[in-house]
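Visitor: Chains as they are written, first to last, in my numbering: chain B, 9 to 186; chain S, 9 to 186; chain D, 9 to 186; chain F, 9 to 186; chain E, 9 to 186; chain X, 9 to 186.
Number of protein chains: 6
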Amino acid sequence: MTKKKCALFIGRFQPPHKGHLEAIKKILGANDEIVIVVGSAQSSHSLDNPFTAGERILMLRSVLKEERIDPARCYVIPLPDAEMHAVWVAKVIAYCPPFDIIYSNEPLTRRLFEEMGFTLGSIPLFHREIYDATEIRRRMLADEEWQSLLSSCVVSLVEELDGVGRLKALSRSDKKGD
Amino acid sequence: MTKKKCALFIGRFQPPHKGHLEAIKKILGANDEIVIVVGSAQSSHSLDNPFTAGERILMLRSVLKEERIDPARCYVIPLPDAEMHAVWVAKVIAYCPPFDIIYSNEPLTRRLFEEMGFTLGSIPLFHREIYDATEIRRRMLADEEWQSLLSSCVVSLVEELDGVGRLKALSRSDKKGD
Amino acid sequence: MTKKKCALFIGRFQPPHKGHLEAIKKILGANDEIVIVVGSAQSSHSLDNPFTAGERILMLRSVLKEERIDPARCYVIPLPDAEMHAVWVAKVIAYCPPFDIIYSNEPLTRRLFEEMGFTLGSIPLFHREIYDATEIRRRMLADEEWQSLLSSCVVSLVEELDGVGRLKALSRSDKKGD
Amino acid sequence: MTKKKCALFIGRFQPPHKGHLEAIKKILGANDEIVIVVGSAQSSHSLDNPFTAGERILMLRSVLKEERIDPARCYVIPLPDAEMHAVWVAKVIAYCPPFDIIYSNEPLTRRLFEEMGFTLGSIPLFHREIYDATEIRRRMLADEEWQSLLSSCVVSLVEELDGVGRLKALSRSDKKGD
Amino acid sequence: MTKKKCALFIGRFQPPHKGHLEAIKKILGANDEIVIVVGSAQSSHSLDNPFTAGERILMLRSVLKEERIDPARCYVIPLPDAEMHAVWVAKVIAYCPPFDIIYSNEPLTRRLFEEMGFTLGSIPLFHREIYDATEIRRRMLADEEWQSLLSSCVVSLVEELDGVGRLKALSRSDKKGD
Amino acid sequence: MTKKKCALFIGRFQPPHKGHLEAIKKILGANDEIVIVVGSAQSSHSLDNPFTAGERILMLRSVLKEERIDPARCYVIPLPDAEMHAVWVAKVIAYCPPFDIIYSNEPLTRRLFEEMGFTLGSIPLFHREIYDATEIRRRMLADEEWQSLLSSCVVSLVEELDGVGRLKALSRSDKKGD
């Protein structure tokens with residue numbers, strides 16, 4: 009087996025957007041394979057994490073297909089949070105094929121891998137003020153335009169899954185109290 | 009066994025108040041049996057969840073007795089939170105007798121059961137601005153009148169358990185820091 | 009509130025049988041109230057724990073009704089296992105109304121409560137060689153007569169839930185391996 | 009999006025062998041897509057579960073590549089065990105893309121999905137007395153021939169990972185005691 | 009074995025500072041032994057809990073040595089959080105040698121031990137507006153002077169561990185979003 | 009701070025015996041400091057793990073004192089099991105001061121540390137057929153002589169804690185069944 013250069017790309021993908029896609033393309037431009045880790049895989053049905061891991065995997069795979077990215081070069085791996093930050097890197101290693109470099113913009117992830125001696129790649133910024141999942145979820149709740157920030161296949165999946173309806177239902181303030 | 013219509017009523021009951029009691033009566037007016045789920049059963053001794061599951065069960069059972077509600081028609085079931093929102097409905101089903109309809113004002117609970125195809129009942133509002141556990145806990149901390157919002161037997165239990173003292177102790181800001 | 013004598017009775021009730029019923033009657037003969045704890049509530053669908061907590065609660069409540077035992081004197085409380093044996097008693101206390109005496113034939117439960125200074129009641133033996141849930145599950149799997157060991161309402165529920173079918177399905181040795 | 013027929017195939021793949029490969033081929037003969045669930049993903053470094061989820065994913069992907077199975081038709085998803093059997097199906101659904109039919113030879117998995125109303129496919133037997141991961145691990149420990157039961161790329165990976173050395177180290181009886 | 013008076017002292021020690029040291033000295037002035045519990049032992053790499061349990065133990069032991077406090081009189085015990093507040097006291101008891109009195113300024117800890125009938129000691133205040141771990145972490149992030157609030161050996165360890173660098177890295181707001 | 013050579017010694021110490029003591033002495037002969045990890049700290053009140061972490065720490069500290077081993081050279085750290093074997097080493101690192109070498113006779117522990125590149129020390133055997141905690145617990149249950157295998161201070165503590173009574177109570181077969 010020839011040694012390939014493999015990159016780890018960690019995100020929550022709530023939902024995957026065009027900024028993620030650009031990052032995946034850049035990473036694949038510099039590496040043979042990419043392991044896309046769908047983090048906080050246990051989370052769903054909350055304002056910050058509306059989609060299940062399965063839904064996010066479906067979206068990511070659709071994007072790869074739509075963009076004709078070779079699926080043989082991509083792993084998509086859901087990963088639940090660890091019991092302790094200090095074991096997170098070990099958990100990532102246990103769930104993933106071996107990797108040579110790690111890409112993430114999340115400060116905690118970057119620090120944890122750095123302390124373990126890993127090489128950190130930097131993800132080129134791509135209109136970061138809008139290609140941002142927090143901004144996208146905000147727009148969904150506010151009935152603003154969000155579709156242009158996502159690949160068309162993800163837009164279809166969000167609609168099929170009633171993603172906006174789910175977000176709005178979860179945001180409904182409970183007036184009756186408890 | 010004749011098929012009875014059974015309703016699920018989910019709350020945290022921190023503490024159970026007259027609004028809950030009205031809801032239970034309305035639900036029993038439309039159903040043969042009620043399964044009262046005491047949610048977040050693992051929580052206690054916090055500002056949002058001062059009472060243990062056992063204390064909340066004791067309060068609910070006292071109310072049922074005081075109101076001469078037939079205990080044979082009521083289940084009171086403590087339920088700890090699930091590891092994932094996406095398995096919450098399955099966990100409720102596993103801990104409860106079969107039910108036909110679900111009553112809750114909590115947006116997450118409503119959405120999760122709705123996505124699983126359950127029938128949702130709506131709880132008639134009953135002076136919701138005051139019959140609200142958050143408001144009641146606020147009054148307890150502020151030394152305002154809270155007793156009229158609870159059944160008299162619950163007032164007695166709160167006093168017996170030193171509920172207000174517990175809330176105040178927990179709210180004490182830790183001046184020495186950490 | 010007059011102080012009542014309340015007894016804790018802990019079991020797994022997989023399923024509840026006539027030995028359990030006799031114990032409940034004896035305990036209620038000596039106490040005002042009984043808290044029936046359905047232990048290992050998180051377990052189901054295994055050879056030792058075939059029934060869910062909800063199914064076991066349904067069975068216990070049916071027995072109480074069939075036997076015309078006053079439901080106002082009985083609590084039926086599902087309880088998942090604790091993270092540590094050493095916190096088990098504290099967890100029981102947190103999930104249950106206050107109790108004065110504890111009945112269990114399980115050595116670990118007895119020892120844990122004893123070390124915490126609780127009074128232990130002894131459950132009178134009632135044809136223990138047959139009124140035993142392990143024996144009942146063995147008979148179910150072996151197609152031997154098991155119905156006479158259960159109250160008739162529990163027999164009906166086991167049949168309605170396809171309990172024997174579930175046990176047999178779970179016991180099927182996986183010939184293909186893994 | 010055209011509706012494709014998607015099959016779920018659940019195993020532990022400790023390690024993936026030729027029996028698994030035959031099953032994958034048969035399933036892909038009858039379905040458009042396959043979701044291969046790598047169960048007990050949290051387990052590794054034990055006699056029954058020697059390999060990590062990452063190692064098992066690597067092996068499965070290598071087999072798919074060696075066999076020129078279109079990766080666009082395959083999902084490989086690691087899944088940790090659930091806190092309760094009764095929520096297992098809900099957890100699988102949350103981690104996976106939607107599926108129409110489920111293939112497994114594990115009695116518990118079959119029963120749980122059956123009770124939830126899923127269609128169960130049967131995996132054709134393929135020399136089941138030898139294509140069995142338990143038998144393969146036994147041979148590895150006993151220094152018997154095991155290589156012919158695995159695809160050649162998996163044999164390479166087992167050797168690269170010192171899989172047999174790991175198994176033997178874990179089986180070493182601890183003579184000094186504790 | 010002569011009965012010694014043993015005190016429990018619970019904190020998070022993020023990091024241990026001169027206020028903690030004064031408390032330890034006062035407690036040892038009134039007791040034979042001290043059990044220093046390093047709480048939230050599972051936490052690290054967050055703004056509130058930057059240091060691992062191991063790092064905090066190292067710091068505490070260095071302070072004891074620097075101050076020539078007899079190590080035979082001190083236990084330093086890391087303790088992860090409990091699954092429920094209501095079992096926290098039982099968990100502390102299970103992890104620690106027997107103790108007679110408990111010192112803590114944390115309201116929850118105080119209340120939980122008080123409800124269990126323990127004697128609570130009060131920790132004399134010592135310039136509490138500055139000897140406070142929250143204030144110390146704030147200064148570290150703000151590049152203000154923090155060194156004088158810690159024992160010199162702890163300052164050395166914080167520097168050796170790049171504690172300030174870790175805090176700053178974790179506080180970096182993730183401008184790229186998610 | 010001068011760099012000291014620090015050794016990790018992992019065991020369950022159920023209970024600590026003379027074999028452990030010999031090992032500690034040998035390890036301290038070759039290292040400056042020893043970190044004694046009390047593993048499976050969450051376990052107690054079972055036949056394999058009768059004693060709580062706190063009780064085991066008390067026993068170990070008593071032995072160190074009785075043997076006049078300098079407590080400034082010893083850390084005694086309770087450690088609960090990890091959620092996954094693959095994160096165990098990372099968890100040990102997070103709970104302990106830095107160490108240079110690891111001593112354990114447990115095959116899993118040895119393998120996990122070896123795969124992470126740690127140096128493994130070997131513990132010289134010392135009458136291993138009797139200085140073995142399993143053998144000691146067996147003798148306690150069988151009313152055979154066990155006292156000579158433990159340091160006298162541990163014998164006293166076992167008696168004070170009614171250790172043999174606890175073991176026997178837990179071993180009592182539950183004749184009534186369940």
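A virtual CB, placed ideally from N, CA and C, is assigned to each residue, including glycine.
1) Return yes when the Cβ of S/L29 is within less than 8 angstroms of the Cβ of S/E75, no when it is not.
2) Find the residues of chain B that neighbour E/Q50, judging by a C-beta separation of less than 7 angstroms, and give them in chain order.
3) So which residues of chain X does B/V3 contact, with C-beta pairs closer than 8 angstroms?
4) Is the shortest distance between the beta-carbon of E/A61 and the beta-carbons of chain D less than 8 angstroms?
5) Mind checking which residues open and close the alpha helix (DSSP H) that includes B/P115?
6) Would the segment 111-125 of chain B count as touching the segment 113-122 of chain X if we require 3 or more Cβ pairs under 8 angstroms?
7) Mind listing the chain E neighbours of S/A80? Cutoff is C-beta to C-beta under 8 angstroms, in chain order.
8) So what's B/G4 in DSSP terms, helix, strand or just coil?
9) Closest to F/V97 by C-alpha separation, out of F/S156, F/S54, F/V45, F/S130, would be which residue?
10) How long is the line joining the alpha carbons of F/A15 and B/L87, rounded to whole angstroms?
11) Is the segment 98-105 of chain S touching the segment 48-63 of chain S in the sense that three or more CB pairs, one from each, lie closer than 8 angstroms?
12) In three-state DSSP terms, what is F/G19?
13) Curious, which full-length alpha helix (DSSP H) runs of at least 4 residues does the segment 87-117 of chain F contain?
14) Keeping to the same chain, check which residues put their C-beta closer than 6 angstroms to that of X/E41; ignore five residues upstream and five downstream.
15) Run down chain B in chain order and give the residues with a C-beta less than 9 angstroms from the C-beta of E/A141.
16) Is B/G173 helix, strand or coil by DSSP?
17) How would you call S/S130, buried or exposed, if buried means at least 16 neighbouring beta carbons within 10 angstroms?
18) CB-CB under 6 angstroms to E/K183, same chain, minus the five flanking residues each way: which ones, in chain order?
19) Let me know the secondary structure DSSP gives D/G47 once reduced to three states.
20) Under a CB-based cut-off of 8 angstroms, is D/H25 close to chain S?
21) How long is the line joining the alpha carbons of B/E167 and B/Q22, rounded to whole angstroms?
22) Reducing DSSP to helix, strand and coil, say where E/I77 ends up.
23) Whole-angstrom Cβ separation of D/C67 and D/L175, contact assumed at under 8 angstroms?
24) Along the chain, where does the alpha helix (DSSP H) containing S/S164 start, and where does it finish?
25) Can you grab the Cα-Cα spacing for the pair X/C161 / D/S159, in whole Å?
26) In or out: B/L157 buried (at least 16 other Cβ within 10 Å) or exposed?
27) Taking F/H93 as the reference, give the member of D/S51, D/D89, D/A94, D/E91 with the closest Cα.
28) Could you confirm whether any beta carbon from chain B is found closer than 8 angstroms to the beta carbon of S/P58?
29) Using 8 angstroms for Cβ pairs, my map puts X/A31 next to X/Y111. What's the rounded Cβ distance?
30) Got a sec, what are the start and stop residues for the alpha helix (DSSP H) B/L55 sits in?
31) By Cβ distance, which residues of its chain are closer than 6 angstroms to F/I109, with the 5 residues on each side in sequence left out?
32) Sorted by chain position, which residues of the same chain lie with C-beta nearer than 7 angstroms to F/H25's C-beta, five sequence neighbours on each side aside?
33) If you draw a straight line from the alpha carbon of D/D151 to that of D/V172, how long is it in whole angstroms?
34) Applying the 10 Å Cβ sphere with the 16-neighbour rule, what's the burial state of F/P132?
35) Going along the segment 160-178 of chain S in order, which residues come within less than 8 angstroms of chain E, judged by CB to CB distance?
Guide: Quick look at the numbers:
1) Your numbering for residue 75 of chain S matches position 67 in the second sequence. Your numbering for residue 29 of chain S matches position 21 in the second sequence. Between S/E75 and S/L29, the CB-CB gap stays under 8 angstroms.
2) On the fifth sequence, position 42 is the one that residue 50 of chain E refers to. Residues of chain B passing the Cβ test: E91, M92.
3) An answer regarding residue 3 of chain B cannot be provided, because it is not within the stretch 9 to 186 covered by chain B.
4) As a position in the fifth sequence, residue 61 of chain E is number 53, starting the count at 1. At least 8 angstroms separates the CB of E/A61 from every CB of chain D.
5) Taking the first sequence and counting its residues from 1, one reaches residue 115 of chain B at position 107. Per DSSP, B/P115 is one residue of the alpha helix (DSSP H) stretching across 115-123.
6) With a cut-off of 8 angstroms, the segment 113-122 of chain X and the segment 111-125 of chain B do not count as touching, because too few Cβ pairs lie within range.
7) Residue numbering aside, residue 80 of chain S sits at position 72 when the second sequence is read from its first letter. Contact of S/A80 with chain E by beta-carbon distance below 8 angstroms is absent, the smallest such distance being about 30 angstroms.
8) Because chain B in this structure spans residues 9 to 186, residue 4 of chain B falls outside the shown range and cannot be described.
9) Here the question's residue 97 of chain F lines up with position 89 in the fourth sequence. Nearest of F/S156, F/S54, F/V45, F/S130 to F/V97, Cα basis: F/V45.
10) Along the fourth sequence, one-based indexing puts residue 15 of chain F at 7. Along the first sequence, one-based indexing puts residue 87 of chain B at 79. So the alpha carbons of these two residues sit roughly 22 angstroms apart.
11) Result no; under three Cβ-Cβ pairs closer than 8 angstroms.
12) Working through the fourth sequence from its first residue, we reach residue 19 of chain F at position 11. Here F/G19 sits in strand by DSSP.
13) Within the segment 87-117 of chain F, the complete alpha helix (DSSP H) runs of at least 4 residues are 96-103.
14) The count along the sixth sequence starts at 1 and reaches residue 41 of chain X at position 33. The beta carbon of X/E41 is closer than 6 angstroms to those of K12, C14, R81 in its chain, skipping five residues each way along the sequence.
15) The sequence position of residue 141 of chain E within the fifth sequence is 133, counting from 1. Within chain B, no residue comes near E/A141; the closest Cβ sits about 18 angstroms away, beyond 9 angstroms.
16) Walking along the first sequence from the start, residue 173 of chain B turns up at place 165. In the structure shown, B/G173 sits in a helix (DSSP, three-state: H, G or I).
17) Residue 130 of chain S sits at position 122 when you count from the first residue of the second sequence. When all chains shown are included, S/S130 counts as exposed.
18) Counted from its first residue, the fifth sequence places residue 183 of chain E at position 175. Its pLDDT being 48, under 50, E/K183 is placed unreliably by the model, and the measurement read from it follows with that caveat. Cβ neighbours of E/K183 beyond the five flanking positions: none.
19) Position 39 of the third sequence, counted from the first residue, corresponds to residue 47 of chain D. In the three-state DSSP reduction, D/G47 falls in the coil class, being neither helix nor strand.
20) As a working mapping, residue 25 of chain D is identified with position 17 in the third sequence. Between D/H25 and chain S, the shortest Cβ-Cβ separation is not below 8 angstroms.
21) Within the first sequence, numbered from 1, the residue matching residue 167 of chain B stands at position 159. Within the first sequence, numbered from 1, the residue matching residue 22 of chain B stands at position 14. Straight-line Cα distance between these residues: approximately 14 angstroms.
22) The sequence position of residue 77 of chain E within the fifth sequence is 69, counting from 1. In this structure, E/I77 counts as coil in the three-state DSSP scheme.
23) For the purposes of this step, residue 67 of chain D is taken as the residue at position 59 of the third sequence. For the purposes of this step, residue 175 of chain D is taken as the residue at position 167 of the third sequence. Inspection of the sequence shows that residue 67 of chain D is occupied by Met rather than by Cys. Rounded, the Cβ-Cβ distance is 15 angstroms, inconsistent with contact.
24) The sequence position of residue 164 of chain S within the second sequence is 156, counting from 1. Here the alpha helix (DSSP H) through S/S164 covers 160-168.
25) Reading the sixth sequence from its first residue, position 153 is the one you call residue 161 of chain X. Reading the third sequence from its first residue, position 151 is the one you call residue 159 of chain D. Each residue's alpha carbon lies about 55 angstroms from the other.
26) Here residue 157 of chain B refers to the residue found at position 149 of the first sequence. By the neighbour-count rule (16 or more Cβ atoms within 10 Å), B/L157 is buried.
27) Walking along the fourth sequence from the start, residue 93 of chain F turns up at place 85. Closest option to F/H93, Cα to Cα, is D/S51.
28) To locate residue 58 of chain S, count along the second sequence from 1; it is residue 50. No, because no Cβ of chain B sits closer than 8 angstroms to the Cβ of S/P58.
29) Residue 31 of chain X sits at position 23 when you count from the first residue of the sixth sequence. Residue 111 of chain X sits at position 103 when you count from the first residue of the sixth sequence. X/A31 to X/Y111, Cβ: 7 angstroms. Contact.
30) Locating residue 55 of chain B in the first sequence gives position 47, counting from the first residue. For B/L55, no alpha helix (DSSP H) run applies, since DSSP gives it neither H nor E.
31) By 1-based counting over the fourth sequence, the position of residue 109 of chain F is 101. In chain order, A15, T127, G129 place their CB closer than 6 angstroms to the CB of F/I109, counting only its own chain and leaving out the 5 sequence neighbours on each side.
32) The count along the fourth sequence starts at 1 and reaches residue 25 of chain F at position 17. Excluding positions up to five away in sequence, the list reads Y139, A141, I144, L157, L158.
33) Counting from one through the third sequence, the residue named residue 151 of chain D turns up at place 143. Counting from one through the third sequence, the residue named residue 172 of chain D turns up at place 164. Taking the straight line joining both Cα atoms gives about 9 angstroms.
34) Locating residue 132 of chain F in the fourth sequence gives position 124, counting from the first residue. With fewer than 16 other Cβ atoms inside 10 Å of its own Cβ, F/P132 counts as exposed.
35) Within the segment 160-178 of chain S, the residues whose Cβ lies closer than 8 angstroms to any Cβ of chain E are, in chain order, R174, A177, L178.
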